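J.: The sequence shown begins at 2 in the numbering used here and counts up by one. Ideal Cβ placement from N, Cα and C applies to all residues, glycine included. This one's a predicted model, so the numbers in the text were calculated from it and none came from an experiment.
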Amino acid sequence: MITTINPATEERLATYPTMNAEELAGVLEATQRAAAVWRKLSFEERTAPMRKVATLMREQKERHATLMSLEMGKPFSQALVEVEKSAWVCDFYADHAANYLTAEEHDLGDGVRGMVKFEPLGVIFGVMPWNFPFWQVFRFAAPTLMAGNGVVVKHSPNVTGSAIAIEELFREAGFPTNLYRTVHIALDEVDALSGFIIEHPAIQGISITGSTGAGRAVAAKAGKAIKPSVLELGGSDPYLVLDDADINRAVNLCAAARLLNSGQTCIAAKRFLVHHSVMAQFRELFLQRLQNAVMGDPFDQTVEIGPMARLDLRDQLHDQVMRSIAAGAELLCGGVIPDRAGFFYPPTLLAGVTKDMPAYSEEFFGPVVTLIEVADDAEAIHIANDTSFGLGAAVFSQNIERALRIADQLETGNCFINSGVKSDPRMPFGGIKESGYGRELAAYGIRAFVNIKTICV
Numbered sequence: 002m003i004t005t006i007n008p009a010t011e012e013r014l015a016t017y018p019t020m021n022a023e024e025l026a027g028v029l030e031a032t033q034r035a036a037a038v039w040r041k042l043s044f045e046e047r048t049a050p051m052r053k054v055a056t057l058m059r060e061q062k063e064r065h066a067t068l069m070s071l072e073m074g075k076p077f078s079q080a081l082v083e084v085e086k087s088a089w090v091c092d093f094y095a096d097h098a099a100n101y102l103t104a105e106e107h108d109l110g111d112g113v114r115g116m117v118k119f120e121p122l123g124v125i126f127g128v129m130p131w132n133f134p135f136w137q138v139f140r141f142a143a144p145t146l147m148a149g150n151g152v153v154v155k156h157s158p159n160v161t162g163s164a165i166a167i168e169e170l171f172r173e174a175g176f177p178t179n180l181y182r183t184v185h186i187a188l189d190e191v192d193a194l195s196g197f198i199i200e201h202p203a204i205q206g207i208s209i210t211g212s213t214g215a216g217r218a219v220a221a222k223a224g225k226a227i228k229p230s231v232l233e234l235g236g237s238d239p240y241l242v243l244d245d246a247d248i249n250r251a252v253n254l255c256a257a258a259r260l261l262n263s264g265q266t267c268i269a270a271k272r273f274l275v276h277h278s279v280m281a282q283f284r285e286l287f288l289q290r291l292q293n294a295v296m297g298d299p300f301d302q303t304v305e306i307g308p309m310a311r312l313d314l315r316d317q318l319h320d321q322v323m324r325s326i327a328a329g330a331e332l333l334c335g336g337v338i339p340d341r342a343g344f345f346y347p348p349t350l351l352a353g354v355t356k357d358m359p360a361y362s363e364e365f366f367g368p369v370v371t372l373i374e375v376a377d378d379a380e381a382i383h384i385a386n387d388t389s390f391g392l393g394a395a396v397f398s399q400n401i402e403r404a405l406r407i408a409d410q411l412e413t414g415n416c417f418i419n420s421g422v423k424s425d426p427r428m429p430f431g432g433i434k435e436s437g438y439g440r441e442l443a444a445y446g447i448r449a450f451v452n453i454k455t456i457c458v
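Below you can see the structure in the form of structure tokens.
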């Protein structure tokens, strides 16, 4: 059984039955049959139900946002934005799928004509995280379905209600029965049964968004089965604040990027590399910003920071903070577990962070700010790249050419200048190094799970 808990109150929300291998096999085979029919439909025929999903989400956004806030503690205002963004990605692929997957023709000379076609693979298995319960699913499922595939999703247990709501949306929108399915697996059986799913002949590809450890395990199973995979994993995004940055603007953008979703975001700002000449000003303004951030009930419109999603995640974050302080980091605010119900952790600011501290090298998945002082651009670039991760980065400077030169030297899949890192349906998204491989979104995302077939005549 799976039991969901309200992280703001620690009260039980609901209990759900889990599936065994026989039941999972039945789901996979049913989705395989549905996908065999779906792949034969035109893009126009696939587009209608995809647009309907977007419409339904917008019509029901308060209900879905409420469910997210209850299950994982996301502030309600942010949950509403997530539903809207999820609807957008459905409309985006309804608009662009046909263009992205139109067959290409090439004149190869000597009377030879070459064609490149994009054909669906079959059923794709998605392993999805709890931190963005709707967005992460839809940015995977919308392009995968529009490409002509079927989808089976294993969502995080703590957002099982959201997982079921998403499946109901696809059903209500008129997608073929069983084309999109959610499976529920007991925590102690995840490793074995996920392996069973990946190895099943119905599955032709795997996409996971999650921790580096989870991605490594899934990639190993996919590799053994010789099936393509896309991994969007953890990050420790560096935000470089140069000596010519607009400091007030940088602080506001950096704080928003760190506190969004209570800091539980793979592309959240995690390491702030600040030029020594502006560190004092940046540090003071950032401290004020964190001290003014309101933590509390996700349904209170004045609240910016809700609870962390689970007790173990809160305790792990606190342990990282304590180990960093023990190694010499300076605690400027936060760092204390509140004496209240719920899995709350206050905005925390660590200064004087150096290479031998957890705050330098580990991913902090919560509202903790790490300040690292740098002497110049070269040191900032070196420290930014001195990590096993490579998901996102940001550069703050009023000299755009300078910022672009730095962006070119950063080992990362995404770099934003004078803005926080974000995913956008119009642009490819993904990481390098231990942040994963493959790309989601834009044309790259919809081509992740197709057979790119060459035909020469």
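When you compare each of V295, M358, P299, D189 to P347 by their alpha carbons, which one comes out closest?
T.: Closest option to P347, Cα to Cα, is V295.
J.: Hey, quick one: how far does the beta strand (DSSP E) through C267 stretch, first residue to last?
T.: Unbroken run through C267: none, as it is neither H nor E.
J.: Return yes when the Cβ of A88 is within less than 7 Å of the Cβ of R52, no when it is not.
T.: No, they are not a contact pair.
J.: To the nearest angstrom, how far is it from the Cα of L312 to the Cα of S163?
T.: Distance between the alpha carbons of L312 and S163 is about 20 Å.
J.: In whole angstroms, give me the CA-to-CA distance for Q205 and H97.
T.: Looking at the two C-alpha atoms, the distance is approximately 23 Å.
J.: Taking 6 Å as the limit between beta carbons, can you name the residues of its chain near S278, skipping five residues before and five after?
T.: Counting only Cβ-Cβ distances below 6 Å, and skipping sequence neighbours, we find D244.
J.: Figure out for me which residue from Q33, G437, K454 has the closest Cα to the Cα of S237.
T.: The option with the nearest alpha carbon to S237 is G437.
J.: Can you round the beta-carbon distance between N132 and T266 to whole angstroms, since I take them to be within the 8 Å contact cut?
T.: With a Cβ gap of about 6 Å, N132 and T266 count as contacting.
J.: Out of D340, P368, M358, V275, which one is the CA nearest neighbour of I306?
T.: That would be P368, whose Cα lies nearest to the Cα of I306.
J.: DSSP three-state call for Y346: helix, strand or coil?
T.: Coil at Y346, not helix or strand.
J.: Can you tell me whether M296 is helix, strand or coil according to DSSP?
T.: DSSP places M296 in strand when its eight states are reduced to three.
J.: Tell me the DSSP secondary structure of N386 in three-state form.
T.: It is helical.
J.: Out of curiosity, what's the CA-to-CA distance linking L261 and S157?
T.: Whole-angstrom Cα-Cα distance: 20 Å.
J.: Starting from the C-beta of F366, find all residues in its chain whose C-beta is less than 6 Å away, skip the five residues before and the five after it, and write them out in chain order.
T.: If we look at F366 and ignore the five residues flanking it on each side, its Cβ neighbours are Q265.
J.: Whose CA, out of I227, V184, R47, lies closest to the CA of L146?
T.: That would be R47, whose Cα lies nearest to the Cα of L146.
J.: R34 to A215, Cα distance in whole Å?
T.: Roughly 29 Å separates the two Cα atoms.
J.: Need the endpoints of the alpha helix (DSSP H) that R114 sits in, please.
T.: Note, R114: premise wrong, no alpha helix (DSSP H); beta strand (DSSP E) at 113-121.
J.: Assuming the contact rule is C-beta atoms closer than 8 Å, S230 and S212 should be a hit. Round their C-beta distance to whole Å, please.
T.: Not confirmed; about 15 Å, so no contact.
J.: Run the CB neighbour count on K356, radius 10 Å, all protein chains shown included, and call it buried at 16 or more, exposed below.
T.: The residue is exposed, with fewer than 16 neighbouring Cβ atoms inside 10 Å.
J.: Do the region 376-383 and the region 331-343 make contact, defined as three or more Cβ pairs closer than 8 Å?
T.: The region 376-383, when compared against the region 331-343, does not touch it at the 8 Å Cβ threshold.
J.: Buried or exposed for I199, going by 16 or more other Cβ atoms inside 10 Å?
T.: Buried, since its Cβ has 16 or more Cβ neighbours within 10 Å.
J.: Around the C-beta of D92, are 16 or more other C-beta atoms found within 10 angstroms, so that it is buried, or is it exposed?
T.: Classification of D92: buried, given that the 10 Å Cβ count is 16 or more.
J.: So the candidates are V138, E169, L274; which of them puts its Cα closest to the Cα of E380?
T.: Cα-wise, what sits closest to E380 is L274.
J.: To the nearest angstrom, how far is it from the Cα of A352 to the Cα of A256?
T.: Roughly 15 Å between the two C-alpha positions.
J.: In angstroms with no decimal places, state the Cα-to-Cα distance between F344 and V304.
T.: About 15 Å.
J.: Could you spell out where the alpha helix (DSSP H) holding V219 opens and where it closes?
T.: Note, V219: alpha helix (DSSP H), 213-226.
J.: Can you tell me the Cβ-Cβ gap for P50 and A220, rounded? I've got them flagged as a contact below 8 Å.
T.: At roughly 32 Å, the Cβ-Cβ gap does not stay under 8 Å, so P50 and A220 are not in contact.
J.: For V38 and K75, I'd like the C-alpha separation in whole angstroms.
T.: If I take the Cα positions, the gap works out to 38 Å.
J.: Rounded to the nearest angstrom, what separates G115 and I453 at their Cα positions?
T.: Near 13 Å, if we compare the C-alpha coordinates of I453 and G115.
J.: Classify E233 as buried or exposed, calling it buried when 16 or more other Cβ atoms lie within 10 Å of its own Cβ.
T.: The residue is buried, with at least 16 neighbouring Cβ atoms inside 10 Å.
J.: Taking the Cβ atom as the reference point for each residue, do L467 and V396 lie within a distance shorter than 7 Å?
T.: Residue 467 lies beyond the stretch modelled for the chain, which goes from 2 to 458, so this question has no answer here.
J.: Would you be able to state if there are at least three C-beta pairs under 8 Å between the region 179-191 and the region 17-28?
T.: Because the criterion of three Cβ pairs below 8 Å is met, the region 17-28 and the region 179-191 touch.
J.: Do the region 441-455 and the region 134-143 touch if we need at least three Cβ pairs shorter than 8 Å?
T.: Verdict: yes, contact present.
J.: What do you reckon, are the CB atoms on A462 and P359 nearer than 7 Å?
T.: Nothing can be reported for residue 462, as the shown portion of the chain is limited to 2 through 458.
J.: Under the DSSP definition of a beta bridge, which residues are partnered with F365?
T.: Per DSSP, none; premise fails for F365.
J.: From this set, T32, N7, L392, H107, which residue's C-alpha is nearest P429's C-alpha?
T.: Considering only alpha carbons, the answer is L392.
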